[in-house]
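Colleague: FYI, the numbering for the sequence shown is 1 to 331, going by my numbering.
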Amino acid sequence: MEGFKNVNLGNVVSSSKKSGNNTNFVSKEDHEIIKEWNIKSYEVGVAFHELLGHGSGKLFTRDKDGTFNFDEAVVNPLTGKAVQKFYDVGETWSSKFTTIASSYEECRAEAVALYLSTFKEAVNILGFGAEDAETVNYVNWLTMGQAGIVGLEQYSPDTKEWTQAHARARFVLLQVMLNAGEGFVSVEQVTGEDGEPDLLFTLDRNKIESVGKPAVGEFLKRLHIYKSLGDDESGRELYEGLSQVKESGPHPFAKWRAIVLARKKPRNMFVQANTVIGSDGKVALREYEASHEGLIRSWAERLPAEEFVSAVERQLVDIAERDRAYFTSTA
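1. Taking all protein chains shown into account, decide if H49 is buried (16 or more other Cβ within 10 angstroms of its Cβ) or exposed.
2. If you check the beta carbons only, do L200 and S210 fall under 9 Å apart?
3. Does the pairing of the segment 152 to 160 with the segment 250 to 261 give three or more beta-carbon distances under 8 Å?
4. Is it the case that the segment 113 to 124 contacts the segment 58 to 76, given that we only count it when at least three CB pairs across the two stretches are under 8 Å?
5. In angstroms with no decimal places, state the Cα-to-Cα distance between K255 and Q146.
6. Counting C-beta neighbours from all protein chains within 10 Å, is the total for G181 16 or more, i.e. buried, or is it exposed?
7. How far does the beta strand (DSSP E) with V26 in it extend, from its first residue to its last?
8. Identify which residue in L295, L51 and I100 has its Cα closest to the Cα of E287.
9. For the candidate residues R168, Q315 and K213, whose alpha-carbon lies nearest to that of F333?
10. What's the call for W162, buried or exposed, on a 16-neighbour Cβ count within 10 Å?
11. Over the uninterrupted beta strand (DSSP E) stretch that includes A180, give me the two end residues.
12. Is the separation between the beta-carbon of Y276 and that of E301 shorter than 9 Å?
13. Does DSSP put D318 in a helix, a strand or coil?
14. Are Y239 and V172 closer than 9 Å when you measure CB to CB?
15. In its own chain, which residues sit with a C-beta less than 8 Å from the C-beta of L223, not counting the 5 before and 5 after it?
16. Taking the runs of the beta strand (DSSP E) that are 3 residues or longer, which of them lie wholly in the segment 240 to 298?
17. Only counting the same chain, and skipping five residues up and downstream in sequence, which positions put a Cβ closer than 6 Å to that of T328?
18. With burial defined as no fewer than 16 other Cβ atoms inside 10 Å of the residue's Cβ, what is the status of M1: buried or exposed?
19. Under a Cβ-count criterion, where at least 16 other Cβ atoms within 10 Å of its own Cβ denotes burial, should G90 be classed as buried or exposed?
20. Just checking my contact of W93 with K221 at CB under 8 Å: how many whole Å lie between their CB atoms?
21. Pick out whichever of T159, Q164 and T135 has its Cα sitting closest to the Cα of G148.
22. Count the C-beta pairs between the segment 133 to 142 and the segment 34 to 52 that are closer than 8 Å, then say yes if the count reaches three, no if not.
23. Out of W299, L203, E218 and E196, which has the shortest C-alpha to C-alpha gap to E29?
24. Just the Cα atoms here: how many angstroms apart are V190 and P252?
25. Report the three-state DSSP secondary structure of Q84 (helix, strand or coil).
26. Assuming K96 contacts G230 under a Cβ cut-off of 8 Å, what Cβ separation, rounded to an integer in Å, is found between them?
27. Rounding to the nearest angstrom, what Cα-Cα distance links P266 and V312 in this structure?
28. Can you name the start and end residues of the beta strand (DSSP E) that F219 belongs to?
29. Which residue wins for smallest C-alpha separation from P77, given the options I225, G281 and D323?
30. Could you name the residues of the same chain whose beta carbon sits closer than 8 Å to that of E72, not counting the 5 residues immediately before and after it, in chain order?
31. Between which two residues does the alpha helix (DSSP H) containing D132 stretch?
32. Within the continuous alpha helix (DSSP H) that includes S117, where are the two ends?
33. Have a look at E43 and V123 and give me their C-alpha separation to the nearest angstrom.
Take a look at the structure:
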C-alpha cells in the first residue's frame, strides 16, 4: 500500500491566522490584504504544499539485481543527456542529503505551492473564482517573502547554521525572488513609525507571472531533479549557496537580523474551554476570558493539582516496579 495522510486543523489555523499579528515588514496596504486573505491563501498554500509538494516526486534507484526503477532512455532535462546519477543499493534521500534533507524538502514543497498558486485553474479547484484566485496568489507570494525575513530568528550567527527547516526554506525562496531582479521584489531598511530601524518588503503583483513564476519554476526544476537523481553535490551547492546570510551587499540580512529580533511579536496564546458536569447532571461548556489569568485558570481547572499529582505518582511507582527486576541492590 502506498499513500499518505495530511490533517489540517481548521480551528487552530483560523485562531492563529485571523489576528493578522505576524505581518511585520510589509506596508499598511499589504497588512490589510494579508489580514483579510491570510486564512484563505494559507489553506490553498497548504493544500498544494502537502498534496502536490510532498506528495510528488520519484527517486531513481538501482536494485540489488542491477535493474533500475526507471527507463534508462530517460533524459536529464538539465543536461540533455541520459540519466547518469541515481540512488544505489542502501542509499536513501536522508543518507545522501543528510544535514539539508529536511529543509531542502520543505523548500521543494513551498516552491510547488508558490508555482501552482499562479494557475487559476488549480486555485479554482479549491473553491476560488478568477478574481479571488488572483488575490490568493498574491498573498501566497507576499507572505512567503515576508516569512523569509521573519525566519531569520531561526538563524544562528555564531554557528552560521539554520535551526529550523521551514525558516531556512522560506529564506531560500526569498533569495530566489530577489535574484529574479527586474524590480519584482525588494527588501530595504527604513525607519518605523516609532523612530526605530525597520524593514520593508514589497512585491510587484504585476510581475508574478512574468518574473516570479519563471524564476521559481526554474529553481523548483533543479531542486526536484537533484532530489530525484540523488545528486547531492549539485543540490547542496545550490541550496547552501542560497541559504547564506550575508553581512554586506544590497541585502545584509546578517545585520538586519537584529531588526527582525527587535521587531519580534509575542506568540499567540490560545485559551481553551473545559467541559464540566453541571448541578443538573448535564455537560456544560465553561469558557474563560482571553487573558493570562484565563489561560492559567483553564489549565488549573482542567488538571486539578491533587488528581494530577496522584496520577503522576502512580505512574512513577508503576514504572519503578516494572524496572525493579533489572536492578540489583548494593546494600
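Each residue gets a CB set at the ideal place from its N, CA and C atoms; glycine is no exception.
Since the model is a prediction, treat every value here as computed from it, not as a measurement.
Modeller: So, to answer that:
1. buried
2. no
3. yes
4. no
5. 17 Å
6. exposed
7. Looking at the DSSP string, V26 is not in any beta strand (DSSP E), and its letter there is neither H nor E.
8. L295
9. Only positions 1 to 331 of the chain appear in the structure, and residue 333 is not among them; the question remains open.
10. buried
11. Where A180 is concerned, there is no enclosing beta strand (DSSP E), given that its DSSP letter is neither H nor E.
12. The residue you asked about is not Tyr; residue 276 is Val in the sequence shown. Yes, these two residues count as a Cβ contact at 9 Å.
13. helix
14. yes
15. Y104, C107, R108, A111, G235, L238 and Y239
16. 274 to 277 and 283 to 286
17. none
18. Since pLDDT at M1 reaches only 41, below the 50 mark, its modelled position is unreliable, and the value read off the structure follows with that caveat. So M1 ends up on the exposed side.
19. exposed
20. The pair is not a contact, with the Cβ atoms about 18 Å apart (cut-off 8 Å).
21. Q164
22. yes
23. L203
24. 14 Å
25. coil
26. 5 Å
27. 32 Å
28. Careful: F219 lies outside any beta strand (DSSP E), inside the alpha helix (DSSP H) at K213 to L229.
29. I225
30. A82 and V83
31. A130 to V150
32. No alpha helix (DSSP H) holds S117; DSSP gives it neither H nor E.
33. 11 Å
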